[in-house]
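Below is one structure; the comments refer to it alone.
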Amino acid sequence: MFNTSLYNFQSLIDDYELTSCFKIKNFVYQFVNTAIKKAMKIISNMDDISDIVERRNAIVTRSLDPFGVEWYTCGNININNIAESITNEMQEWNNLPELKDWMFSVEFIKLFVRNDMNIYKYEVIWSVPTKSYPEPQVTVSVLFDIVINLKYPAHYPVDVTYIFEACQFIHRLDMTFQPKWLYDILDMKTMMFKSFDF
-15 MFNTSLYNFQ
-5 SLIDDYELTS
5 CFKIKNFVYQ
15 FVNTAIKKAM
25 KIISNMDDIS
35 DIVERRNAIV
45 TRSLDPFGVE
55 WYTCGNININ
65 NIAESITNEM
75 QEWNNLPELK
85 DWMFSVEFIK
95 LFVRNDMNIY
105 KYEVIWSVPT
115 KSYPEPQVTV
125 SVLFDIVINL
135 KYPAHYPVDV
145 TYIFEACQFI
155 HRLDMTFQPK
165 WLYDILDMKT
175 MMFKSFDF
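Take the sequence shown: its letters are residues -15 to 182, numbered as in the working numbering.
Right, here's the structure in full:
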């Protein structure tokens, strides 16, 4: 980043002994020359212009969570690459030893457009298939909201939140995921399922 003192014109004035500058023209000449030299120093420290253009046209991703999963930024998000990012996030959850037997699927639900925001809604359905029940009797849903603020620059990260079914607590990706959250819902639903007589 730029040194804020480079923009401080008071420091430019302090560089001179005003008592030695009897003529205003001489003072202005020295002041402008010093300002130009400092401006040229700022420009020489900036990135090469071709790098800036290349970065503007590139697809930018950001890591939003402890797992390091890359999420597309506000400027290059769409239904497919959101699903890709959610799938990558869920695979990280699935890599945890407690969830190695679990399976999941990611489904797009709906796109809401509100004022200057696009809100993408997805559902991830988790289950534990077994030999005796290849089609699980009980599943656990995780609902994702991905919010893109259209006023933000293209390189800004998207806002990702998720909630578990039957819960109201909103989770963010920077919170460490706990497999217990899935197990609690699965156990509760399994107990309810066993209590019903069909």
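By construction, the Cβ of each residue, glycine as well, lies at the ideal position given by its N, Cα and C atoms.
Ranking ASN10, VAL124, VAL142 and GLN121 by CA distance to the CA of TRP55 puts VAL142 first. The beta carbons of VAL112 and TRP86 sit about 5 Å from each other, so the pair counts as a contact at 8 Å. Annotation: ALA138 to ASN60 spans about 7 Å, alpha carbon to alpha carbon. Taking C-beta atoms under 8 Å as the contact rule, GLU76 and VAL108 fail to qualify, at a distance of about 12 Å. Each residue's CA atom was taken as its position, placing PHE177 and VAL122 some 8 Å apart. Taking all protein chains shown into account, THR160 has fewer than 16 neighbouring C-beta atoms within 10 Å of its C-beta and is therefore exposed. Secondary structure at GLU82: helix, using DSSP grouped into helix, strand and coil. Separation of the CB atoms of LEU80 and MET101 is rounded to 32 Å, and the pair is thereby denied contact status at 8 Å.
Residue burial is scored here from C-beta neighbours: THR114 has fewer than 16 other C-beta atoms within 10 angstroms and is therefore classed as exposed. Taking 7 Å as the cut-off, the beta carbon of ILE147 is found no closer than this to the beta carbon of ILE66. The beta carbons of ILE169 and CYS58 sit no closer together than 7 Å.
In chain order, ILE109 place their CB closer than 6 Å to the CB of SER89, counting only its own chain and leaving out the 5 sequence neighbours on each side.
In this chain, the alpha helix (DSSP H) harbouring TYR167 covers 163 to 179. As DSSP reads the structure, ILE132 sits in a beta bridge with ASN102. Around the C-beta of MET74, 16 or more other C-beta atoms lie within 10 Å, and the residue is accordingly described as buried.
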